[in-house]
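Notes follow the structure.
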Amino acid sequence: MRFVVDEIPEDGLNFAGESQKQDFAIDSADCRLSAPVKVTGTLEKVAREVFFQGRVETRLKVTCCRCLEPFQFLVKSGVTAHFVPESNHAQEDRPEIELHAEDIDIEYYEGDAIDLAQAVHDQILLSLPASCLCREDCRGLCPHCGANLNQGDCGCRDEVSGDPRLDILKTLKDKIK
Ligand SMILES: [Zn+2]
Ligand SMILES: [Zn+2]
């Protein structure tokens, strides 16, 4: 997903591309890419700065944080990036400059080409919700036997309906009598 800045037309570039999942190093036990990464968008050039605005689409195999089963999470997300040549960075490296919120997404590029991979990589991970559920009403695991309650009742509930601490109190009471 590299673009040579000189080859981006002055009136912008629309593109659609696909990268292999291996290009993104999103490959942990709890979260790995399971499909190629489709990226579409536009590149606009202002002097040597490039603005990227697009969409990313792919699939992740993630672990449900409630029932611990793996499931497919569809990524469909907007993505933006602002590329500035590294040489500008050096010139602007004055201590009085403060980072503005909109500057945090700036990526400095070296040489004559920009690469969208980092911005796309970050956006894929950002698209995951903080608590990743296989479905909204995931019933999770039984706290007593560990069975996946989405697959049916495990039968524990009747046995543990009472608070075990109360049982101990009852036993004590019985002894006192
Ligand atoms: Zn689940
Ligand atoms: Zn159970």
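One gets my numbering by counting positions in the sequence shown from 1 and adding 6 to each. The beta carbon of each residue, even a glycine, is placed where N, CA and C say it ideally should be.
Classification of residue i by the beta-carbon crowding that lies within 10 angstroms, buried from 16 upward
| i | result |
| --- | --- |
| Pro91 | buried |
| Cys140 | buried |
| Leu6 | Any answer about residue 6 is impossible in this case: the structure gives the chain only from 7 up to 183. |
| Tyr115 | buried |
| Val56 | buried |
| Ala125 | buried |
| Val10 | exposed |
| Val62 | buried |
Of the listed residues the options, nearest to residue i (C-alpha basis)
| i | options | result |
| --- | --- | --- |
| Arg145 | Thr86, Ser83, Asp159, Leu134 | Asp159 |
| Gln157 | Pro135, Gln78, Cys73 | Cys73 |
| Pro42 | Arg54, Ser34, Tyr114, Asp29 | Asp29 |
| Ile130 | Leu147, Ser83, Gly117 | Ser83 |
| Leu49 | Arg38, Asp36, Asp17, Thr64 | Asp17 |
| Gln78 | Arg54, Phe89, Asp36, Glu113 | Asp36 |
| Phe21 | Phe58, Val52, Asp12 | Phe58 |
| Asp12 | Arg38, Asp111, Gly117 | Gly117 |
| Leu134 | Arg8, Arg38, Gly23, Met7 | Arg38 |
| Ala53 | Phe89, Asn154, Glu142 | Phe89 |
| Lys44 | Ile120, Ser34, Gly23 | Gly23 |
Cβ-Cβ separation, residue j to residue i (assumed contact under 8 Å), whole Å
| i | j | result |
| --- | --- | --- |
| Ala87 | Leu132 | That pair is no contact at about 13 Å. |
| Gly60 | Thr69 | Contact doesn't hold; Cβ gap of about 28 Å is too wide. |
| Cys71 | Cys138 | 5 Å |
| Ser40 | Leu66 | 6 Å |
| His127 | Ile14 | In fact, because the Cβ distance is near 21 Å, the residues do not count as touching under 8 Å. |
Three-way DSSP call (helix, strand, coil) for residue i in this model
| i | result |
| --- | --- |
| Ser34 | strand |
| Leu80 | strand |
| Ala123 | helix |
| Glu13 | helix |
| Ser25 | strand |
| Glu92 | helix |
| Leu66 | strand |
| Glu155 | For the record, residue 155 in the displayed sequence is Leu; it is not Glu. Three-state DSSP puts Leu155 in a helix. |
| Leu132 | helix |
Any non-hydrogen atom of ligand 2 closer than 7 Å to residue i Cβ
| i | result |
| --- | --- |
| Cys148 | yes |
| Ala31 | no |
| Cys73 | no |
| Cys162 | yes |
| Cys144 | no |
| Cys151 | yes |
heavy atom of ligand 1 below 7 Å from residue i C-beta
| i | result |
| --- | --- |
| Leu139 | yes |
| Cys37 | no |
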